[in-house]
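Protein chains: 2
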Amino acid sequence: MSTPERLIEATRELLWDRGYVGTSPKAIQQRAGAGQGSMYHHFSGKPALARAAIVRTTEELRATAEAALGGTDTGSGTGTEVGAGSGTASASAYDRIAAYLVREREVLRGCPVGRLTMDPDIMADETLRAPVDETLDWLRGRLAGIVQEGLERGEFPAALDPAEIASTVVATVQGGYVLARASGSPAAFDAGVRGLLALLAPARDDPNSPRS
Amino acid sequence: MSTPERLIEATRELLWDRGYVGTSPKAIQQRAGAGQGSMYHHFSGKPALARAAIVRTTEELRATAEAALGGTDTGSGTGTEVGAGSGTASASAYDRIAAYLVREREVLRGCPVGRLTMDPDIMADETLRAPVDETLDWLRGRLAGIVQEGLERGEFPAALDPAEIASTVVATVQGGYVLARASGSPAAFDAGVRGLLALLAPARDDPNSPRS
DNA sequence: GTCTATAGAACGATAGAC
DNA sequence: GTCTATCGTTCTATAGAC
Numbered sequence: 012m013s014t015p016e017r018l019i020e021a022t023r024e025l026l027w028d029r030g031y032v033g034t035s036p037k038a039i040q041q042r043a044g045a046g047q048g049s050m051y052h053h054f055s056g057k058p059a060l061a062r063a064a065i066v067r068t069t070e071e072l073r074a075t076a077e078a079a080l081g082g083t084d085t086g087s088g089t090g091t092e093v094g095a096g097s098g099t100a101s102a103s104a105y106d107r108i109a110a111y112l113v114r115e116r117e118v119l120r121g122c123p124v125g126r127l128t129m130d131p132d133i134m135a136d137e138t139l140r141a142p143v144d145e146t147l148d149w150l151r152g153r154l155a156g157i158v159q160e161g162l163e164r165g166e167f168p169a170a171l172d173p174a175e176i177a178s179t180v181v182a183t184v185q186g187g188y189v190l191a192r193a194s195g196s197p198a199a200f201d202a203g204v205r206g207l208l209a210l211l212a213p214a215r216d217d218p219n220s221p222r223s
Numbered sequence: 012m013s014t015p016e017r018l019i020e021a022t023r024e025l026l027w028d029r030g031y032v033g034t035s036p037k038a039i040q041q042r043a044g045a046g047q048g049s050m051y052h053h054f055s056g057k058p059a060l061a062r063a064a065i066v067r068t069t070e071e072l073r074a075t076a077e078a079a080l081g082g083t084d085t086g087s088g089t090g091t092e093v094g095a096g097s098g099t100a101s102a103s104a105y106d107r108i109a110a111y112l113v114r115e116r117e118v119l120r121g122c123p124v125g126r127l128t129m130d131p132d133i134m135a136d137e138t139l140r141a142p143v144d145e146t147l148d149w150l151r152g153r154l155a156g157i158v159q160e161g162l163e164r165g166e167f168p169a170a171l172d173p174a175e176i177a178s179t180v181v182a183t184v185q186g187g188y189v190l191a192r193a194s195g196s197p198a199a200f201d202a203g204v205r206g207l208l209a210l211l212a213p214a215r216d217d218p219n220s221p222r223s
């Protein structure tokens, strides 16, 4: 791996674990196995390196999310699939959202993108903040589109607002990281996700009809 | 206000805005209007001051949350109250959760407690981490109890798990802060909360019955 | 209790040899 | 491209006068 490449990867790891303020050029160099001069030859400084790292991390998040949300069924259904069952029909909205929610994550490390929003130095620098904002915005839009499809298929109550539900889904994930880190266990993340899935569950024809 | 008092308050503000790593003793002293020697006379160092600040902030969060969740109706109902309407009956579970969710917040500053979970130095120090963990744990338990009451009153579908829903509620709030900060607007927080309230809404006898 | 002085280390970056 | 040397600043804390 080339030196700039190693520097970017080292920065990504440190940004994830320690944030921008907690990441020093020295630590980056050590982790990347590169010297001072080498780092400053390839990058103008800490902000430039951080930008490269953040852009790559946000691109990766988009790709990972899209893989779960894409709807090209990976074969392992949840058992609550909806639809007419034609050969290559895309998975239900619920299933695609569920696939996104339960995908494998390094829960205790937190979200490599969401974490950055708590860093004042990142939020203050437009070039660092923009990729974060755009990525979470894209994710909400992507989810809103899927909820909209679900609404059209009658999967969800018509009263739901796609953009709002999308925000709730992303917020539950981001907040799940917080709960997991606080408690030191991924269980809290999982609980939040299961609660959300229960609320979203298409199986609304519940034997226990609510509200008298 | 006494000097120790001012130091604690200054630390609380800085911890909220810049986190533990981003908060220097010097910055605390300047904000508190206290000198170096003064600070080290009253506190053994940055960790001790941070502990005092964190304990106070978590206590404050509990009190604020309890005020909304307490159920002693503040008079401004949401219009969806449930119950037999006896004189001093406590508000519905939905209303109490809604009151907690929509309470006034400095959304763009993030959660003064949840933010701390992203600070590796705080998570590594048991004396700093404990109050954060205990507070979020208390909040989840408190909410779970209210959901349980709602279940017993038939406000929610019986399939819901109180602890899971409680985690979802707290996660939505914590994640809402992330979305708001990323986008630079409280709107994303509000959207997530409205989505969650729509999913929790007791008005489940929806004209549009889902899932065919 | 509060002040100033001082300390060793780390921070973020630059200079210039190779 | 990579190295070592150096720089001015900030960090966190201690010492000791007042």
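In order, the protein sequences belong to chains A and B. Last residue of the first sequence: 223 in the working numbering, with the numbers rising by one and none dropped. Last residue of the second sequence: 223 in the working numbering, with the numbers rising by one and none dropped. Each residue gets a CB set at the ideal place from its N, CA and C atoms; glycine is no exception.
- Around the beta carbon of Glu-166(B), 16 or more other beta carbons sit within 10 angstroms, so the residue counts as buried.
- If you check the CB distance, Ile-39(A) and Ala-63(A) do not come in under 7 Å.
- Contact with chain B is absent for Glu-71(A), since none of that chain's Cβ atoms lies less than 7 Å from the residue's Cβ.
- If you look at Glu-166(A), you'll find it isn't in any alpha helix (DSSP H); DSSP assigns it neither H nor E.
- Linking Gly-187(A) to Gly-161(B) through their CA atoms gives a straight-line distance of about 23 Å.
- In chain order, Val-189, Leu-190, Ala-193, Ser-194, Ala-199 make up the part of chain B whose C-beta sits under 9 Å from the C-beta of Leu-147(A).
- In summary, Ala-78(A) is exposed, with fewer than 16 beta-carbon neighbours lying within 10 Å of its beta-carbon over all protein chains present.
- For Pro-131(B), the closest C-alpha among the options Arg-23(A), Arg-120(A), Ile-133(A) is that of Arg-120(A).
- Exposed is the label assigned to Glu-137(B), since fewer than 16 other Cβ atoms lie within 10 Å of its Cβ.
- What Asp-28(B) touches in chain A, judged by beta-carbon distance under 8 Å, is Pro-131, going in chain order.
- At a C-beta separation below 9 Å, Leu-211(A) has these neighbours in chain B: Leu-210.
- Between Glu-77(B) and chain A, the shortest Cβ-Cβ separation is not below 7 Å.
- Contact of Asp-172(B) with chain A by beta-carbon distance below 9 Å involves Ala-202, Arg-205, Gly-206, Ala-209.
- Nearest to Leu-127(A) by alpha-carbon distance, out of Ala-141(A), Tyr-105(A), Arg-116(A), Pro-15(A), is Ala-141(A).
- For Cys-122(B), the closest C-alpha among the options Phe-200(B), Val-32(B), Gln-159(B) is that of Phe-200(B).
- Taking C-alpha positions only, Gly-44(A) is separated from Val-66(A) by approximately 22 Å.
- Taking all protein chains shown into account, Gln-185(B) has 16 or more neighbouring C-beta atoms within 10 Å of its C-beta and is therefore buried.
- In this structure, the CA atom of Glu-145(B) is about 8 Å from the CA atom of Ser-194(A).
- Between Pro-213(A) and Arg-164(A), the alpha-carbon positions lie close to 11 Å from each other.
- For Thr-68(A), there are no neighbours in chain B by C-beta distance under 8 Å, as the nearest C-beta there is about 14 Å away.
- Of the candidates Ser-101(B), Arg-192(B), Ile-19(B), Met-134(B), the residue whose Cα lies closest to the Cα of Gly-56(B) is Ile-19(B).
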